[in-house]
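In our numbering, the protein residues as written are 9 to 297. Here the structure comes first, spelled out in structure tokens, and everything after it is commentary.
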């Protein structure tokens with residue numbers, strides 16, 4: 009059984025399709041909106057006698073409520089070669105697991121799920137427009153597991169933004185973010201109309217190699233460059249420090265734009281995503297946003 013996670017949003021949904029999120033639309037619901045004349049509302053079951061007797065114009069008034077509506081949940085994924093990682097059950101499997109779980113979680117919430125993937129360019133075979141069809145996420149996850157990423161960059165993520173809907177959506181931006189910070193800034197600007205959860209997929213084996221002295225062969229996953237490296241305790245500490253510094257730079261950029269990043273260095277876990285949304289609500293509530 010696919011593990012699911014629970015998420016919420018901090019804005020009112022604009023879609024008409026019924027769901028579980030607060031919305032702007034009047035309809036069946038429990039959130040009181042106000043009163044409206046009976047002739048306009050045409051729902052005699054909700055007549056408010058007290059409000060009607062107090063109305064200076066002598067109108068019959070009915071109570072109106074806001075309905076709960078659905079949203080679209082998208083995964084915008086970096087499919088470049090750096091996402092392969094060093095371990096078989098590493099970043100790539102985490103992306104596939106997240107995709108399958110996100111689709112099932114959206115289905116359980118009555119939301120639509122979509123997927124957009126890109127490396128040097130948007131990949132049409134990894135484009136799934138938002139759908140409420142159950143199983144679409146599992147199909148996409150299976151396709152990811154069969155795919156061997158070989159793109160030399162993630163520059164296609166920026167033009168891929170054009171495939172997102174105009175209406176505000178919840179977007180999981182999934183990458184290892186091993187590309188220039190100027191590209192990160194451009195993605196943040198391009199996603200400003202949506203609610204974004206940056207998911208940083210790192211492989212702990214990349215930044216925390218085994219302790220001790222040893223000779224290792226290393227290769228840049230997005231280029232043919234390879235070299236022999238003498239692994240030593242000092243280098244290990246430098247790697248850990250560099251990754252920590254990189255994460256702080258990313259977190260500063262994201263949180264400044266109301267995006268709390270989720271770091272997954274040890275693979276995907278549905279409970280980790282659920283806890284992230286709880287922490288996200290507490291974080292931005294404390295900030296008064």
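The beta-carbon is built from N, C-alpha and C at its ideal position, and this holds for glycine as well.
Identify which residue in 78, 253, 290, 278 has its Cα closest to the Cα of residue 121.
Check the Cα spacing between residue 121 and each of 78, 253, 290, 278: the tightest is with 78.
Answer with buried or exposed for residue 246, where buried requires no fewer than 16 other C-beta atoms within 10 angstroms of its C-beta.
So residue 246 ends up on the exposed side.
Mind checking which residues open and close the alpha helix (DSSP H) that includes residue 86?
Under the DSSP assignment, residue 86 falls outside any alpha helix (DSSP H), being part of the beta strand (DSSP E) whose first and last residues are 80-86.
CB-CB under 6 Å to residue 153, same chain, minus the five flanking residues each way: which ones, in chain order?
Spatial neighbours of residue 153 in its own chain (CB-CB distance under 6 Å, excluding positions within 5 residues in sequence) are listed in chain order as 104.
Is it a yes or a no for the stretch 261-275 touching the stretch 160-178, going by three-plus beta-carbon pairs under 8 Å?
Touching, no, given that fewer than three Cβ pairs across the two stretches are closer than 8 Å.
Assess, as a yes-or-no matter, whether the stretch 154-167 is touched by the stretch 124-134 under the definition of 3 or more beta carbon pairs within less than 8 Å.
Contact between the stretch 124-134 and the stretch 154-167 is present: 3 or more CB-CB pairs across the two stretches fall below 8 Å.
Kindly identify the DSSP beta-bridge partner or partners of residue 271.
The bridge partners DSSP lists for residue 271 are 208.
If you draw a straight line from the C-alpha of residue 101 to the C-alpha of residue 210, how long is it?
The straight-line gap from Cα to Cα measures roughly 12 Å.
Using the C-alpha atoms, what's the distance from residue 76 back to residue 159?
Those two C-alpha atoms are separated by around 41 Å.
Which of the three DSSP states, helix, strand or coil, is assigned to residue 178?
Reduced to three states, the DSSP call for residue 178 is strand.
Less than 6 Å between C-beta atoms, sequence neighbours within five positions excluded: which residues of the same chain meet that for residue 186?
Result list for residue 186: 90, in chain order.
Residue 70 - DSSP class collapsed to helix/strand/coil:
Note: residue 70 maps to strand in three-state DSSP.
Below 8 Å, can you find three or more Cβ-Cβ pairs linking the stretch 282-292 to the stretch 192-204?
With contact defined as three or more Cβ pairs closer than 8 Å, the stretch 282-292 and the stretch 192-204 are not in contact.
Comparing alpha-carbon positions, which option in 251, 17, 146, 106 lies nearest residue 213?
The option with the nearest alpha carbon to residue 213 is 251.
Residue 60 versus residue 54 - alpha carbon distance
Going from the Cα of residue 60 to the Cα of residue 54 covers about 11 Å.
Chain-order list of residues whose beta-carbon lies under 6 Å from that of residue 291 (same chain, five-residue window excluded):
Sequence-distant Cβ neighbours of residue 291 in its own chain, meaning closer than 6 Å and more than five residues away, are 268.
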